[in-house]
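Here the structure comes first, spelled out in structure tokens, and everything after it is commentary.
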Amino acid sequence: MSKDIDLSELPKGKKVIRCIICPTGCEITVENTSDELKITGYTCRKGEEYAREEFIAPKRIITATMRVEDGFLPIIPVRTDKPVPKELIFELIKELSCVTVKAPIKAEDVLIENIRNLGANVIASRDMPVKA
Ligand code: SF4
């Protein structure tokens, strides 16, 4: 994978990353030597991939709220079902806060499919019944 990327466009030097894939929490070091991405300290392949991605293009699950029409409450907590680029977090939270969805909603319902073609859906984090 590191052969496909231009290392000169990535930060130089070392970055220490705590792997959050499992509770072991390995401390992984990624170093951009300009010739290669040197990754050390991982215990398994998943950790190596996590650290590589975190160094190249960090991603996060977004949690936000959306407005609800006819809902028991006026807003509903939502999240993406897959991580999206970290630099879009604040933009997407703002965008989602302006969108209105209609009750009733069930937890895990897809409220926005494939947001901005990022490969992630926005899903409801809880049920939202219709107001009585
Ligand atoms: S590197 Fe592997 S063992 Fe270590 S925290 Fe990550 S997933 Fe767990």
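Using the working numbering, read the sequence shown as starting at 50 and increasing by one per residue.
We put the CB at the ideal spot given by N, CA and C, even for glycine.
Sequence-distant residues of its chain with Cβ nearer than 6 Å to I172 (five each side left out): Working through the sequence shown from its first residue, we reach residue 172 at position 123. Here the set comprises D130, E157, V159.
Best match in D176, P134, F139, K155 for proximity to G168 [C-alpha to C-alpha]: Translated into positions along the sequence shown, residue 168 becomes position 119. The residue from D176, P134, F139, K155 with its alpha-carbon nearest to that of G168 is P134.
Buried or exposed by the 16-neighbour rule on C-beta atoms within 10 Å, applied to K180: Locating residue 180 in the sequence shown gives position 131, where the first residue counts as 1. It counts as exposed.
Buried versus exposed, by CB contacts within 10 Å (16 or more), A106: Against the sequence shown, residue 106 aligns to sequence position 57. Looking at its Cβ environment, which holds fewer than 16 other Cβ atoms inside 10 Å, A106 is exposed.
Euclidean distance between Cα positions of N166 and P178: Taking the first residue of the sequence shown as 1, we reach residue 166 at position 117. Taking the first residue of the sequence shown as 1, we reach residue 178 at position 129. Going from the Cα of N166 to the Cα of P178 covers about 29 Å.
Neighbourhood of L122 by C-beta distance below 7 Å, restricted to the same chain and skipping five residues each side: To locate residue 122, count along the sequence shown from 1; it is residue 73. Here the set comprises M177.
Reduced DSSP secondary structure (H/G/I, E/B, other) of L86: Counting from one through the sequence shown, the residue named residue 86 turns up at place 37. Looking at L86 - three-state DSSP - the assignment turns out to be strand.
Whether I125 touches R175 by CB criterion (8 Å): Here residue 125 refers to the residue found at position 76 of the sequence shown. Here residue 175 refers to the residue found at position 126 of the sequence shown. In this structure, I125 sits near R175, with a CB-CB distance shorter than 8 Å.
DSSP beta-bridge partners of A113: Along the sequence shown, read from residue 1 onward, the residue named residue 113 stands at position 64. Answer is V127, bridged to A113.
Any non-hydrogen atom of the ligand SF4 closer than 7 Å to K143 Cβ: Residue 143 sits at position 94 when you count from the first residue of the sequence shown. For K143, the shortest separation between its Cβ and any heavy atom of the ligand SF4 does not lie below 7 Å.
Nearest-angstrom Cα separation, counted from E103 out to I66: For the purposes of this step, residue 66 is taken as the residue at position 17 of the sequence shown. For the purposes of this step, residue 103 is taken as the residue at position 54 of the sequence shown. Spanning the two alpha carbons is a distance of roughly 8 Å.
Boundaries (first-last residue) of the beta strand (DSSP E) holding R100: In the sequence shown, residue 100 corresponds to position 51, counting from 1. According to the sequence as given, residue 100 is Ala; it is not Arg. It is not in any beta strand (DSSP E) - A100 instead sits in the alpha helix (DSSP H) that spans 94-105.
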